[in-house]
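**Q** These protein sequences, in sequence, are chains W and G. Offset between the first sequence (1-based) and this note's numbering: plus 245. Offset between the second sequence (1-based) and this note's numbering: plus 245. In this text, a Cβ means the ideal position worked out from N, Cα and C, and glycines have one as well. In this text, all values refer to a predicted model and were calculated from it rather than measured experimentally. Let me give you the structure first, and then I'll get to my questions.
2 protein chains.
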Amino acid sequence: MTRIVVDCFGGDHSPEANIEGAVRALCRFPGLEAVLTGDAEMIGRELKKHGYDSSRLSVEHAPEVISCSETPTLAIKQKKNSSLMRAIELVRTDESVHGIVSTGSTGALIAAATLRIGRLHGVKRPAFCPILPTMKGGVVGICDSGANVDVTPEMLRQFAVMASLYLECAFGVNSPRAALLNVGVEDTKGDELRKAAYPVLASEKRINFTGNMEARELLSGDYDLVVTDGFAGNVLIKSTEGACLEMLKKLKRDIYSRPIYKLGALLMKRMFAEEKDFMDYRNYGGSVLLGCKKLVVKGHGSSNAASVEKCIEQAVRMHEADLIGRIAQAMEQAEQTE
Amino acid sequence: MTRIVVDCFGGDHSPEANIEGAVRALCRFPGLEAVLTGDAEMIGRELKKHGYDSSRLSVEHAPEVISCSETPTLAIKQKKNSSLMRAIELVRTDESVHGIVSTGSTGALIAAATLRIGRLHGVKRPAFCPILPTMKGGVVGICDSGANVDVTPEMLRQFAVMASLYLECAFGVNSPRAALLNVGVEDTKGDELRKAAYPVLASEKRINFTGNMEARELLSGDYDLVVTDGFAGNVLIKSTEGACLEMLKKLKRDIYSRPIYKLGALLMKRMFAEEKDFMDYRNYGGSVLLGCKKLVVKGHGSSNAASVEKCIEQAVRMHEADLIGRIAQAMEQAEQTE
């Protein structure tokens, strides 16, 4: 049995998308139990639209909502009755609850998860690991992608260990090829951080370190995991998403510029729909915050029902593969060898 | 009169592309004089294929070539007779020479330009400023993009001032909208460097600072200049190029997967050729190394004749607009106000 709390408010399409996503996930995973947090009346009204196994779904009333424009540390202190903070409290206090899925404020989720749920013993900083599709049909993880903008080589080492376990547990990637994001592939390249981190990663036996990689290789499929500080990781993922989206927009505009192009595009309609789908980051689930005592999945703010369902699926997979236990064990091993 | 030295060796398509590029530029700019460095016999043989005004072209024999795999600092010491080092020496010693265009080793060019040509008085670090096209038809500069991986807020301020002048001089951008690359747009966002740099940029009167920007906005056309350390700038430009190229490759593969798509693509043939052209960074000239005493343009290693021509065009424009003089003046002003 996997028990997940779904924060139903804070996203662009919440609560509808979050509720429908939870209902869909319940349908797909008979071993799943979901707790929805948020305004109980609104959630109840929305639930009436769906058929589901009510014995596996409960609602926890939380009338307030934390918006993305609020200062995270203030918001999590002042809005104890928000859908996010009620969800966090459930995860913290209820031993039967395994994790949380939220599509709300990223900053508030990081702060609340770190301060209230807490880090696993030995983890210096929890880190985000979003997933992108590669051109070879697989996926690539990027850790960290923004939770920690100032990091040390030791933190990068932990990111690599945690994210490698995550890719194994949630995506079945065997011995993930982990590379250090750098400005060149030679092992002498980079800033002070990268130069110091390279030997630390190279000597870490619990990861499959393949050396440095350049940003242009992200989608090539030659790497399973990009290890980076949160600043460069954030630039990497946002510029990739930005370039793909801008290019699709440009293609669309150009197609409409001439009738013959429109005719051609008509014949390729299904292909373009598939490309759009391929580029839609909502199809690849959420960004997991690694290093906390329980599972934390951050869905994109623009998540629809399908992407919320994906986030819950990720949580189920991670729970079934005992990701938390494996990270805890890895951290313990590291302490013993130090 | 603009006098430019063209290093004819070191690029993927050199010396042919470099020589043809120089000949084409001579044809376009009657006020241009070119000096080609490299193996004189090979250059002479190649020149026979073209018609040009021989009174404006000369050749400086340099039998050696510095390859991209060599250690820059060693190579520039040991290979005094390389096409790059002969070019650099001409730029350094000959007052009538205004600058250099090279498609060879980036590291060797940075080292040689900094050590031999030298920095303008007051410039802490020369910085690269490559140019990308935006979706609104204009261009966007990224400074620094890799010459300096460890920087200070003061260096970022200088990058912003120099690159703003460059965009004005070479691309006619009036009062370029300069933004600090960051993980969010709020002025409190970022790592220690960004937090310290923000007020420094905001108080710099010689630039049009518009605040923080996120990586996904790079191609939007809402910014003319991205100010960043070389590490994040390198990630930004390489991931953007990588994403665009991988997407074009995927489109091509998908088109060939079904006959109906091939038919559709046939109708859109010209459009796809234009997209490919649009994405081809070789069409946007080279990356200029700002802050040296003379003009330094680094063409992409895979430059063809058209892109070498573009690089020389950039040098001509910068010379005509007296970019070096304007940067020198800006640095002097800064010293006086300090």
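#1: For Asn528(W), does the count of other Cβ atoms within 10 angstroms reach 16, so buried, or fall short, so exposed?
#2: Counting only Cβ pairs nearer than 7 angstroms, list the residues of chain G close to Cys489(W).
#3: Counting beta carbon pairs with one atom in the segment 342 to 353 of chain G and one in the segment 425 to 444 of chain G, are three or more of them shorter than 8 angstroms?
#4: Which residues in chain G have a C-beta closer than 7 angstroms to the C-beta of Ile505(W)? List them in chain order.
#5: Ignore the nearest five residues each way along the sequence and tell me which others in Cys374(W)'s own chain have a CB closer than 6 angstroms to its CB.
#6: Between which residues of its own chain and Lys369(W) is the CB-CB distance below 7 angstroms, once the five residues before and five after are set aside?
#7: Show which residues of chain W have a CB atom less than 7 angstroms away from the CB atom of Ser548(G).
#8: Cβ of Asn427(W) within 9 angstroms of Cβ of Glu459(W)?
#9: Between the beta-carbon of Ser314(G) and the beta-carbon of Val280(G), is there less than 9 angstroms?
#10: Per DSSP, which one or two residues make a beta bridge with Arg364(W)?
#11: Using beta-carbon positions only, say whether Ala442(W) and Val472(W) come within less than 9 angstroms of one another.
#12: Name the chain W residues that come within less than 9 angstroms of Ser465(G), Cβ to Cβ?
#13: Using a Cβ cut-off of 8 angstroms, pull out every chain W residue sitting near Phe454(G), in sequence order please.
#14: Which chain G residues sit within Cβ distance under 7 angstroms of Ala477(W)?
#15: Please return the same chain residues whose Cβ sits closer than 6 angstroms to the Cβ of Thr379(G), not counting the five positions on each side in sequence.
#16: Could you give the C-beta distance for Gly475(G) and Val396(G), rounded to a whole number, given that I count them as a contact under 8 angstroms?
#17: For a test of the three-state rule: what should DSSP assign to Val418(G), helix, strand or coil?
#18: With three or more C-beta pairs closer than 8 angstroms as the rule, is the segment 544 to 551 of chain W touching the segment 248 to 265 of chain W?
#19: Kindly say whether Ala460(W), judged by its beta-carbon, lies nearer than 9 angstroms to any beta-carbon of chain G.
#20: Using a Cβ-Cβ cut-off of 7 angstroms (strictly less than) and excluding sequence neighbours within five positions of Ala285(G), which residues of its own chain qualify?
#21: Would you tell me roughly how many angstroms separate the C-alpha atoms of Gly417(W) and Leu568(W), rounded to the nearest one?
#22: Hey, does Glu580(W) have any beta-carbon neighbour from chain G nearer than 9 angstroms?
#23: Relative to the alpha-carbon of Lys294(G), which residue among Ala415(G), Lys440(G), Gly266(G) has its alpha-carbon at the smallest distance?
#24: Please report the straight-line C-alpha distance between Met330(G) and Cys537(G), rounded to a whole angstrom.
#25: Can you give me the C-alpha to C-alpha distance between Leu335(G) and Phe254(G), rounded to a whole angstrom?
#26: Would you mind reading off the limits of the alpha helix (DSSP H) that contains Asn549(W)?
#27: Residue range of the beta strand (DSSP E) that Lys274(W) falls in?
#28: So, at 6 angstroms on beta carbons, what are the nonlocal neighbours of Ala332(W) in its own chain, with the 5 sequence-adjacent residues on each side left out?
#29: Buried or exposed for Lys324(W), going by 16 or more other Cβ atoms inside 10 Å?
#30: Taking buried to mean at least 16 other C-beta atoms within 10 Å of its own C-beta, is Pro504(W) buried or exposed?
#31: Are the beta-carbon atoms belonging to Ile311(G) and Ala358(G) less than 9 angstroms from one another?
#32: Do you know whose CA, among Ile482(G), Ile452(G), Ala566(G), lies nearest Glu462(G)'s CA?
#33: At a CB-CB cut-off below 7 angstroms, which residues of chain G make contact with Ser312(W)?
#34: Determine the DSSP secondary structure at Leu464(W), reduced to helix, strand or coil.
#35: How far does the beta strand (DSSP E) with Val342(G) in it reach, from first residue to last?
#36: Under 9 angstroms, do Leu470(G) and Ala405(G) count as touching if we go by C-beta distance?
**A** The relevant details are as follows:
#1: exposed
#2: Ala488, Met492
#3: no
#4: Leu512
#5: Gly386, Cys388, Ala408, Tyr411, Val533, Leu535
#6: Glu399, Met400, Gln403
#7: Going along chain W, no residue has its Cβ under 7 angstroms from Ser548(G), so there is no contact; the nearest lies around 17 angstroms.
#8: yes
#9: no
#10: Under DSSP, Arg364(W) takes part in a beta bridge, and its partners are Cys537(W).
#11: yes
#12: Simply Gly487, Glu491.
#13: Result: empty, since nearest Cβ-Cβ is about 19 angstroms, beyond 8 angstroms.
#14: Phe476, Ala477, Val480
#15: Contacts found: Val385, Leu464, Gly466.
#16: 7 angstroms
#17: coil
#18: yes
#19: yes
#20: Val304, His306
#21: Each residue's alpha carbon lies about 12 angstroms from the other.
#22: False, the Cβ-Cβ gap to chain G never drops below 9 angstroms.
#23: Gly266(G)
#24: 16 angstroms
#25: 16 angstroms
#26: No alpha helix (DSSP H) contains Asn549(W), which DSSP labels as neither H nor E.
#27: Correcting the residue identity first, residue 274(W) is Phe in this sequence and not Lys. First-last for Phe274(W): undefined, no H or E at that position.
#28: Excluding sequence neighbours, Ala332(W) sits near Val250, Asp252, Thr282, Ile345.
#29: buried
#30: With fewer than 16 other beta carbons inside 10 angstroms of its own, Pro504(W) counts as exposed.
#31: no
#32: Ile482(G)
#33: Residues of chain G passing the Cβ test: none, with the nearest at roughly 14 angstroms.
#34: coil
#35: Run containing Val342(G): none; DSSP gives neither H nor E here.
#36: yes
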